[in-house]
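The structure appears right after this line, and notes come after that.
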Amino acid sequence: MADKVLTANRLSDGISVWLDAAGNWNESLQAAFVARHKEAVDALEATGKQAFADNKVVDVNVVDVEEVDGVLRPLRMRERIRADGPSIAYAAGYAGLTATAVPAA
Numbered sequence: 005m006a007d008k009v010l011t012a013n014r015l016s017d018g019i020s021v022w023l024d025a026a027g028n029w030n031e032s033l034q035a036a037f038v039a040r041h042k043e044a045v046d047a048l049e050a051t052g053k054q055a056f057a058d059n060k061v062v063d064v065n066v067v068d069v070e071e072v073d074g075v076l077r078p079l080r081m082r083e084r085i086r087a088d089g090p091s092i093a094y095a096a097g098y099a100g101l102t103a104t105a106v107p108a109a
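Going letter by letter, the sequence shown gives residues 5 to 109 in my numbering.
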């Protein structure tokens with residue numbers, strides 16, 4: 005069985021989030037709790053259903069990941085894009101979800 009993490013989109017702003025070991029929704033895949041056996045996956049699924057019912061997140065999914073040199077990497081391209089941003093240069097000056105300073109006039 006592949007390692008798995010729980011991902012969703014935060015209802016308040018639509019940002020991709022992953023469930024961490026403390027039960028919080030975190031914006032970093034690297035902070036995600038990794039389920040390595042069926043019981044842990046079942047617990048992730050139950051937590052996701054409850055968070056959805058509580059209107060905290062939408063589009064809740066358990067996704068396959070691999071750990072390469074200590075770094076989590078989703079197996080599916082869709083999840084890689086959700087975790088890392090666009091797979092191609094998007095636009096000049098675009099820095100993804102990271103905040104950038106506004107150039108002085």
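Backbone N, C-alpha and C fix where the C-beta goes; we use that ideal spot for every residue, glycine too. Since we're looking at a predicted model, the values are computed, not measured.
Remark: C-beta atoms of VAL61 and TRP22 do not approach each other more closely than 8 Å. Non-local C-beta neighbours of SER32 in its own chain, meaning closer than 8 Å and more than five positions away in sequence, comprise TRP22, ordered along the chain.
About 6 Å separates the CB atoms of VAL66 and LEU48; that is less than 8 Å, so the two are in contact.
Non-local C-beta neighbours of ARG77 in its own chain, meaning closer than 6 Å and more than five positions away in sequence, comprise GLU70, ordered along the chain.
DSSP places ARG77 inside the beta strand (DSSP E), whose first and last residues are 75-78.
A straight line joining the alpha-carbon of GLN34 with that of VAL75 spans about 7 Å. If only complete runs of 4 or more residues are kept, the stretch 21-73 shows the alpha helix (DSSP H) at 42-57, in order along the chain.
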